[in-house]
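The block underneath contains the structure these notes are about, expressed in structure tokens.
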Amino acid sequence: MICVRNVSKRFGKQVVLSGVSLNIEDGKTTTIVGPSGVGKSVLLKLIMGILAPDQGEIEIFGENITRADSEAERNRIRASLGVLFQSAALFDSLTVYENVAFALNQRFSLPRKEVHERVVSMLSALSLESFAFRYPQEISIGIRKRVGMARALITQPKVVLFDEPNTGLDPLVGQEVYDLIKECRKKWGFTGVVISHELPEVFQVSDRVAMILQGKIIEEGTPAEFAASANPAVQQFLNGRIDGPIKIQ
Amino acid sequence: MPVVDATEALGRTVTNVTEAWGRSWIFLGKTLAGLISPPFRYRLFLDQLYQIGVKSTLVVALIGIFTGAVLAVQGVYTLSKFGASAFTGSAVALSLIRELGPVLTALMVIGRAGSAITAEIGIMKITEQLDALRSMAVDPMRYLMAPRLLAGIIAMPLLTGIFITIGIFGGFIVGVGLLGLSSGTFFSDMVAAVDNVDVYSGFIKSVAFGFIFGWVSCYKGYTCGFGAVGVNRATTESVVTASVAVLVLDYFLTSILTRVFM
């Protein structure tokens, strides 16, 4: 389980998160939604330990990443995490094969043969064999996301974080990414954390939904509970209305 | 209140400059820590040595040959006024070894490879590739910055050596081939005039310039702002800052080394 307890973060004078608390249950996918710029990605980076909170604590399977006193300690806790970035964030200078093998080569002292077997198996599981020796700039965004997923899963993480997996994609590729998430969850059974502002499409991969607004979690529940929420901000966001408590900045 | 506003603006500028200065030193400290602690990434270092060193060789050689040629023309013209044109070889060699070799090589490498390093790291930052490295428990300082810094420190003296050698050859072609100097005089005076301390001086400068090149190029990429404008600004700042730093450092190193060795 990932426990986010009373976490606050500000950049200069701008308060981004203010006392956010959230429990992310094992084996389920929790989606964090909210308008652009409310701090969803900041929360993800706090969970990854890339940013440090000004206040509060984050525990990943009982280990406190915010109290880790060295990068090596944070790296040890991060070992249980995999991340699919918004733009897939593949390394331009490496082929698809090398991108997927990267974490294995850098983090573990595995024999070359074992690395090769695991990478080939992962590429095969995600139907990426024919792209193995292409560079990221030579493949479509949908395939890049697939490669990003393979790279995130190759170390067999317990949790996979998805940062706006569908932003900037057309509806068909977007649905392909949702199908990919569902397929991978079924196959590998990880805990998922999805950051998104695509409602209600993202409900199809969500077991729980939490909404951030003005630095706080204002609603949390199953997709059905969330959709039935009486909170006017939730209904405004869900229905894409201009008028309401959420002011467009 | 204009006075209050001006004071506030001044205070903010001083704070920002001090913060940036402090951040750049912390960045350097982390990079050096990545350089001296295992695991050592030999392949990444060799790749950067190729990118910075081998790929800069042609442009450095080209600038070197013409710099030597110009020095020979100017040397013959100026020294002949004092009846000393025979010392042209010494003048070309001393100018290249002590001053022009290290400085011009550094400026060329900063323009060619420094801008590329800043742009590459900057783009990696804005496309979340640096975050991806961290998420996979790979330290960007160790993986990206340390090999580039070390490659800069090693490549710069080697390129300077090539620049000086080819520059002397360029001076020889023009001085002896076109302007009629005696080849024996050209080289014998050179051997007599150039001391080991001149070579040490040029070597120390080139190592220091390689260090500045690696530090500034990596730091500017790492602190790059958002989008294409951010990368554009970071690249420009990288080239300007490193070039100015090289010229300023050159003055201080020349003053110090002259006192130490003379």
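Chains A and B are the protein sequences, given in the same order.
Numbering that gives the first Met the number 0 numbers the first residue of the first sequence as 0 and each following residue consecutively.
Numbering that gives the first Met the number 0 numbers the first residue of the second sequence as 0 and each following residue consecutively.
Built from N, CA and C at the ideal position, the CB exists for glycine as well.
Being a predicted model, the structure only gives us computed values, none of them experimental.
List the whole-angstrom C-beta distance separating residue i from residue j, where the pair is believed to meet the contact cut-off of C-beta under 8 Å.
i        : j        : result
B/Gly170 : B/Val91  : 4 Å
A/Phe130 : A/Lys157 : Going by Cβ atoms, the distance from A/Phe130 to A/Lys157 rounds to 27 Å, so no, they are not a contact pair.
B/Ala244 : B/Ser216 : Their Cβ separation, rounded to whole angstroms, is 11 Å, which puts B/Ala244 and B/Ser216 out of contact at 8 Å.
A/Ser79  : A/Phe107 : 14 Å between Cβ atoms; not a contact.
A/Ile31  : A/Ile245 : In fact, because the Cβ distance is near 16 Å, the residues do not count as touching under 8 Å.
B/Gly88  : B/Phe162 : Rounded, the Cβ-Cβ distance is 17 Å, inconsistent with contact.
A/Arg4   : A/Gly55  : 6 Å
A/Thr262 : A/Leu89  : As shown, chain A starts at 0 and ends at 248. That puts residue 262 of chain A outside it, with no answer to give.
A/Val15  : A/Val41  : 5 Å
Looking only at its chain, what residues have a beta carbon closer than 7 Å to the beta carbon of residue i, apart from the 5 residues adjacent to it on each side?
i        : result
A/Glu100 : In the sequence under discussion, the amino acid at residue 100 of chain A is Ala, which differs from the Glu named in the question. Within the same chain, A/Ala100 has close Cβ partners Val114, Val118.
B/Val69  : none
A/Ser35  : His196
A/Leu45  : Val6, Lys8, Pro52, Ile57
A/Val37  : Ile211, Leu212
A/Gly26  : Gly188, Thr190
Please decide whether residue i counts as near chain B, where near means a Cβ-Cβ distance under 7 Å.
i        : result
A/Met47  : yes
A/Ala102 : yes
A/Ser69  : no
A/Ala88  : yes
A/Phe161 : no
A/Arg117 : no
A/Val82  : yes
A/Asn74  : yes
A/Arg77  : yes
A/Arg184 : no
A/Arg240 : no
A/Gln298 : Because residue 298 of chain A is not part of the residues shown, which for chain A are 0 to 248, the question remains open.
A/Gln105 : yes
Kindly indicate which three-state DSSP category residue i falls into: helix, strand or coil?
i        : result
A/Val3   : strand
B/Glu7   : helix
B/Phe162 : helix
A/Arg133 : coil
A/Lys8   : strand
B/Arg97  : helix
A/Leu42  : helix
B/Gly213 : helix
A/Gln213 : coil
A/Phe90  : coil
B/Val132 : At residue 132 of chain B the sequence reads Leu, which differs from the Val that was named. Looking at B/Leu132 - three-state DSSP - the assignment turns out to be helix.
B/Thr81  : Here residue 81 of chain B turns out to be Phe, not Thr, going by the sequence shown. Reduced to three states, the DSSP call for B/Phe81 is coil.
A/Phe161 : strand
A/Asn230 : coil
A/Glu72  : helix
A/Thr29  : strand
A/Ser108 : coil
A/Gly55  : strand
A/Val335 : Outside the shown range of chain A, which is 0 to 248, sits residue 335 of chain A, and nothing can be said about it.
A/Glu24  : coil
A/Ser205 : coil
A/Ser35  : coil
A/Thr190 : strand
B/Gly226 : helix
B/Gly179 : coil
At the 7 Å Cβ level, is residue i part of the contact set with chain A, yes or no?
i        : result
B/Thr12  : no
B/Ser134 : yes
B/Gln128 : yes
B/Ala131 : yes
B/Val2   : no
B/Val137 : yes
Within a Cβ cutoff of 8 Å, which residues of the same chain sit near residue i, ignoring the five residues on either side of it in sequence?
i        : result
A/Ser17  : Ser7, Gln213, Gly214, Lys215
A/Val233 : Met210, Ile217, Glu218, Phe225
A/Pro231 : Gly243, Pro244
B/Gly226 : Ile125
Residues in the same chain with beta-carbon distance under 6 Å from residue i, minus the five sequence neighbours each way, listed in chain order, please.
i        : result
A/Arg133 : Val95
B/Ser205 : Pro101, Met155, Pro156, Thr159
B/Thr104 : Val59, Leu158, Thr159, Phe162
B/Leu95  : Ile163, Gly166
B/Thr117 : Ser216, Lys219, Gly220, Ala233, Thr234, Ser237
Using a Cβ cut-off of 9 Å, pull out every chain C residue sitting near residue i, in sequence order please.
i        : result
B/Ala112 : You won't find chain C in this structure, because its protein chains are A and B.
Worksheet entry | Touching by the beta-carbon criterion (3+ pairs, under 8 Å), the region 189-208 of chain A and the region 216-228 of chain A | yes
Worksheet item: Does the region 223-234 of chain B come close enough to the region 180-187 of chain B to have 3 or more Cβ pairs within less than 8 Å?
Response: no
Fill in: Segment contact flag, the region 170-186 of chain A with the region 0-12 of chain A, C-beta cutoff 8 Å, min 3 pairs
no
Worksheet item: Quick check: the region 133-150 of chain A against the region 161-170 of chain A, are there 3 or more CB pairs under 8 Å?
Response: yes
Worksheet item: Is it a yes or a no for the region 49-56 of chain B touching the region 70-82 of chain B, going by three-plus beta-carbon pairs under 8 Å?
Response: no
Discussion item. With a threshold of 8 Å, are at least 3 pairs of Cβ atoms found where one atom belongs to the region 143-150 of chain A and the other to the region 85-95 of chain A?
Written reply: yes
Worksheet entry | Cβ pair count under 8 Å reaching 3, the region 204-224 of chain B against the region 111-118 of chain B | yes
Discussion item. So, does the region 137-150 of chain B touch the region 20-34 of chain B, judging by three or more C-beta pairs under 8 Å?
Written reply: yes
Worksheet item: Just checking, does the region 11-24 of chain B make contact with the region 129-144 of chain B on the three C-beta pairs under 8 Å criterion?
Response: no
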